[in-house]
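Residue numbers (full-length UniProt numbering): 1 to 565. Quick reminder that beta carbons are idealized off the backbone N, C-alpha and C, glycines included. Below is one structure; the comments refer to it alone.
See below:
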């Protein structure tokens, strides 16, 4: 008999949490269960695997409850048990329920048969009133209807079983080698929206795609240096890497050479078995001379562009999920699961100030200027803080779920936030209540990005927009001035985790668990380029010139798309 091990079950639970959109729960469970060490090949696990296992287990339990020593019972009706009974009762109790319902149904059938015999044996019953005959006929029809209903249920159950088996076979075929045009296996089943399908002419040619290999686990974060072609990535393998991307002419790059020359930033000494040090977030300073990384061990680290460790910032007591440099580059801001945010003096590596206003994990932080910043938390609250102040200078209340992201607009006048409550809200320091409450998404919103357009940007003549990415598989573009939706971008088939505007503000890149990167025309709201990889996508980013996009995948790779014409 096949046995499902605890390691395999843990992986199924982890995947279920991911697929259901419980991102933070999945991350915490994955850490505690050691999913990064699991021998299970995630590429071979079909979507909704845990649900299918439970369904098949219930079907087996129902079958066992219906079986008895009499082989004829195998053909009996199997619709006597409610699903909740299967979960809450043992086999003996289920058999009792089945036997009672069978006996009741048998009595009803015998009554009907007896009535039929009486009608045949006694011609004197023809003298019965018309009312009595109609009553008997109605009772017989009701009995036949009950039997037909039970048969229909059997047929529906058999169709559903065949559909599940067919879906499983299709997935196995994909895993074994039915590859699409980009050389990867097909993605998971579609969600509840009907996305538009990009045409073949929109696909990025394989010759313009470079795959960077070297990480041994999911790659959670990536970022281009603002002053060079260096690309940084952070992974669940407890390392960050700095990849030297050549500036040569358009065409295929040698991914192996790039990987061989990458700087490996190890977040552990020796073996990493004792404590998980997954790199969860990273960011370059404005000059591109220093790289900051945040890790699951609660530490932030500052590295040179050559990969040398400059400082280890150790004061948090939980994983660091977000960090940001201020524009001046003298402070680094970190947010942690320990509910606090810390401002670090970059020159000395000392804690400048720790802010402990939240009552739950701090999920995101963002500088407003060189001394003021905002924090968002799972406690549904947003605080605006200032270095040197012991209390928040502003508190924003209004979300009814975890606040996943907070971002200041280019003028630092407006703050956008998104939440598990399916809303995006726009705030101003001039008032306590939100300016706009944007409610077009149907599921949790994971992240938001402002366009690099409008006043205080290099594209002052273009309209300022806000993009939001959601577990409902859509990306939405908002006119913040009027609080209205401009476009709903619908081509993904799974939750969208990553979005990024091009430097000129004309394009938006999006990455999803459906393994696809789509590049959209902001003006038209249509896909202009698309690429399908071989794993879920956690982050996408543009280089400074706006002609290359990097993306990090769940299959341990980093991908660079060359979009130069």
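In this structure, the CA atom of residue 334 is about 29 Å from the CA atom of residue 259.
Per the coordinates, the alpha-carbon of residue 214 lies some 13 Å from the alpha-carbon of residue 266. Under the criterion of beta carbons closer than 8 Å, residue 441 and residue 405 do not qualify as touching, at roughly 13 Å. Shown here, residue 369 sits in coil according to DSSP, grouped into three states, outside any helix or strand. In terms of Cα proximity to residue 40, the closest of 28, 32, 8 is 8. In the three-state reduction of the DSSP assignment, residue 30 falls in the helix class. Across the set 230, 300, 227, the C-alpha of 300 shows the shortest separation from the C-alpha of residue 238. In the structure shown, residue 522 adopts coil according to DSSP, grouped into three states. Residue pairing by DSSP places residue 233 opposite 222, 241 in a beta bridge.
Residue pairing of residue 437 in beta bridges, as defined by DSSP: 425.
Comparing C-alpha distances from residue 550 to each of 561, 338, 460 shows the shortest one belongs to 561.
Excluding residues up to 5 positions away in sequence, 386, 387 lie with their Cβ nearer than 7 Å to the Cβ of residue 371 in the same chain.
For residue 18, the secondary structure class from DSSP, reduced to helix, strand or coil, is helix.
A direct Cα-to-Cα measurement between residue 477 and residue 97 gives close to 55 Å. The stretch 515-532 and the stretch 210-225 do not touch, with fewer than 3 CB-CB distances between them shorter than 8 Å. Under DSSP, residue 548 takes part in a beta bridge, and its partners are 562. Looking at 516, 502, 104, 290, the one whose alpha-carbon comes closest to that of residue 564 is 502.
Setting aside the 5 residues that flank it on each side, residue 363 is surrounded in the same chain by 24, 321, 322, 335, 376, 377, 378, 402, 403, 404, 405, each with a C-beta closer than 8 Å to its C-beta; the list follows chain order. CA-to-CA, the gap between residue 465 and residue 397 works out to about 23 Å. In the DSSP secondary-structure assignment, residue 487 is bridged to 477. Where residue 257 is concerned, the enclosing alpha helix (DSSP H) starts and stops at 255-260. A distance below 6 Å between beta-carbons, with the five flanking residues on each side excluded, links residue 416 to the following residues of its chain, in chain order: 407, 426, 448, 466. In the displayed model, residue 13 falls within a helix according to three-state DSSP. Nearest neighbour of residue 373 by Cα position, chosen from 429, 114, 457, 203, turns out to be 429. The Cβ-Cβ distance between residue 290 and residue 232 does not fall below 8 Å. According to DSSP, residue 294 shares a beta bridge with 281, 300. A residue is called buried once 16 or more other Cβ atoms fall within 10 Å of its Cβ, and residue 358 is buried on that count. Shown here for residue 319: same chain residues with a beta carbon closer than 7 Å to its own, the five before and five after excluded, namely 280, 296, 298, 336, 337 in chain order. In this structure, the straight-line span from the alpha carbon of residue 492 to that of residue 456 is close to 32 Å. Under the three-state reduction of DSSP output, residue 467 falls in the strand class. With respect to the 8 Å criterion, residue 263 and residue 245 are not classified as neighbours on the basis of their beta carbons. Of the residues 255, 473, 368, 303, the one whose Cα lies closest to the Cα of residue 510 is 473. Contact between residue 229 and residue 556 fails: their C-beta atoms lie close to 22 Å from each other, not under 8 Å.
Taking C-beta atoms as the reference points, residue 325 and residue 285 count as a pair closer than 8 Å. For residue 268, no beta strand (DSSP E) encloses it, and the DSSP letter there is neither H nor E.
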